[in-house]
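Start counting the sequence shown at 2; every next residue gets the next number (this note's numbering). Glycine residues also receive a C-beta, built at the ideal position from the N, C-alpha and C atoms.
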Amino acid sequence: MEYFSCPGVGKPSIDRFETACIDCGVCLVACPYQAVERIVDTVPRKQVRIRVDGEDFVVPERVTVKRALELLGLEFGKFPGGTEIFAPCETGGCFACAMVVDGEVRPACATAVRDGMVISLDLPKDYVPLRRVSGFQPHPIGGVGTPWWVKKSGRRWVEVACFAHGCNLRCPQCQNYTVTYDNVAPALTPLEAAASLTAQRRKYGVNRMAISGGEPTLNRAWLIRFFEELRRLNPDVGARLHLDTNATVLTPEFVDGLVEAGMTDIGPDLKGLRIETFMRITGIGDERLAERYLKNAWSVTEYIVDRYYPEPLFVGVGIPYNKYFISLEEVREVGERIASINPEVQVCLLDYFPTFRRVGMERPSVIEMRKAREMLVETGLKTVLAQTTTGHIGP
2 MEYFSCPGVG KPSIDRFETA CIDCGVCLVA CPYQAVERIV DTVPRKQVRI RVDGEDFVVP
62 ERVTVKRALE LLGLEFGKFP GGTEIFAPCE TGGCFACAMV VDGEVRPACA TAVRDGMVIS
122 LDLPKDYVPL RRVSGFQPHP IGGVGTPWWV KKSGRRWVEV ACFAHGCNLR CPQCQNYTVT
182 YDNVAPALTP LEAAASLTAQ RRKYGVNRMA ISGGEPTLNR AWLIRFFEEL RRLNPDVGAR
242 LHLDTNATVL TPEFVDGLVE AGMTDIGPDL KGLRIETFMR ITGIGDERLA ERYLKNAWSV
302 TEYIVDRYYP EPLFVGVGIP YNKYFISLEE VREVGERIAS INPEVQVCLL DYFPTFRRVG
362 MERPSVIEMR KAREMLVETG LKTVLAQTTT GHIGP
């Protein structure tokens with residue numbers, strides 16, 4: 002199944018050519034079989050001329066626009082808000098690093114440099130944000146931020162959802178990897194995505210509309226505009242606008258903007274309490290970056306609960322569980338930390354199944370999930386669900 006395109010070859014392809022590879026790394030991180038490895042490039046590179054914001058430069062051929070700009074002294078980073086250009090996914094999904102390339106808005110991380118290329122770092126004033134989004138469909142149980150009584154309503158469909166492409170994490174057991182690493186689907190405007198999701202709502206007769214991923218929060222301008230358009234298209238009081246997120250780059254100011262835009266439900270997914278556990282779950286090898294992501298996820302979750310729960314936001318916190326990457330002892334510690342923030346907040350224990358690069362791990366049994374849930378209840382949490390192969394246990 003081809004779900005990602007080689008920016009060097011220019012199309013989805015299993016062929017790899019030394020003279021076409023631009024070392025973007027898309028195939029390296031996206032291949033579930035880890036059949037791709039980075040090797041030393043022995044093919045000489047010619048120099049090509051590019052123009053950046055009106056100035057001419059010479060850079061090597063067969064590199065990404067991002068790499069060419071790095072060679073010219075520009076810095077790219079994995080956390081928003083600094084002086085660096087934010088480039089979190091590096092697979093061409095989120096468009097956070099988008100710039101104007103030969104008159105078209107394209108992601109710098111997955112666009113090949115060419116001779117004579119003209120690049121503008123600043124987007125046009127009338128630019129409408131883009132990102133890849135797909136999978137507009139109904140869902141029978143919802144996500145992390147779906148209230149338990151909705152999950153257990155007995156309805157065939159409880160909400161409709163779409164999925165944002167691109168993620169800043171590299172989870173070896175990514176539960177949705179064909180979306181996360183898909184750079185083939187067309188990039189959509191917020192209105193296009195909101196209109197498609199609204200059409201699904203009307204088709205299936207539900208009130209809840211959700212976006213998950215991948216990681217939706219990587220492109221702030223797009224996501225806020227998406228919720229604004231979704232609220233405009235669904236002005237009725239019954240409409241619920243739901244975001245599921247890993248919360249690693251979400252900030253208080255970003256949350257404020259999302260609430261103002263119309264978001265009503267949020268599900269932050271907290272991937273452990275210890276740095277080593279977070280790194281094991283997420284595949285992030287840089288300890289300093291992992292620590293920053295983990296601290297941010299906990300900090301912004303506390304902000305959300307303290308500032309907005311239970312009104313105007315419903316908050317449901319997710320805890321991924323599999324004995325392969327987190328111990329029951331740490332699950333208890335996670336529960337204690339959440340209970341210290343607010344014991345009333347809903348917590349959903351997620352039974353991570355084998356997939357992507359961890360097909361060898363076993364899905365937790367119902368008995369395992371019941372035991373883990375009981376440990377969370379013992380911490381004082383009032384509303385704990387456990388997702389299992391036979392349905393949800395609790396609250």
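- When rounded, the separation of the alpha-carbon atoms in LEU122 and PRO187 is 22 Å.
- Between the stretch 130-149 and the stretch 179-193 there are three or more C-beta pairs closer than 8 Å, enough to call the two in contact.
- Exposure of GLN48 is indicated by the presence of fewer than 16 other C-beta atoms within 10 angstroms of its C-beta.
- SER341 sits in a helix when the DSSP states are folded into three classes.
- Scanning the stretch 195-243 for uninterrupted alpha helix (DSSP H) segments of 4 residues or longer gives 221-234, listed from N- to C-terminal end.
- In chain order, ARG374, VAL385, LEU386, ALA387 place their CB closer than 7 Å to the CB of GLY395, counting only its own chain and leaving out the 5 sequence neighbours on each side.
- Using a Cβ distance threshold of 8 Å, THR246 and THR278 do not count as a contacting pair.
- Look at THR112 here: in three-state DSSP terms it is coil, with no helix or strand label.
- Of the residues THR249, LYS126, CYS32, the one whose Cα lies closest to the Cα of THR179 is CYS32.
- By the C-beta criterion, the stretch 145-154 is judged not to be in contact with the stretch 66-73, since fewer than 3 inter-stretch pairs fall below 8 Å.
- In terms of Cα proximity to ALA262, the closest of GLY361, ARG232, ARG221, TYR325 is ARG232.
- In the same chain as ILE225, and ignoring 5 residues on each side of it, the C-beta atoms closer than 7 Å to its own belong to GLY258, LEU259, ALA262, in chain order.
- Counted as a single uninterrupted DSSP element, the beta strand (DSSP E) harbouring LEU351 occupies residues 347-352.
- Counting along the chain, ARG52 sits inside the beta strand (DSSP E) bounded by residues 48-53.
- With a minimum length of 4 residues, the unbroken runs of alpha helix (DSSP H) contained wholly in the stretch 116-170 fall at 149-152.
- In the three-state reduction of the DSSP assignment, THR283 falls in the helix class.
- GLY268 is classed as buried because its beta carbon has at least 16 other beta carbons within 10 Å across all chains shown.
- Non-local beta-carbon contacts of TYR4 in its own chain, meaning distances under 6 Å to residues more than five positions away in sequence, involve THR179, ASP183 in chain order.
- A Cβ-Cβ separation of about 7 Å places ARG364 in contact with THR390 under the 8 Å criterion.
- In this chain, the alpha helix (DSSP H) harbouring PRO253 covers 253-262.
- Of all alpha-carbon atoms in ASN323, THR249, GLU330, the one lying nearest the alpha-carbon of LEU290 is that of THR249.
- Distance from the CA atom of ALA298 to the CA atom of ALA200, rounded to whole angstroms, is 32 Å.
- Collapsing the DSSP output to three states places ASP103 in coil.
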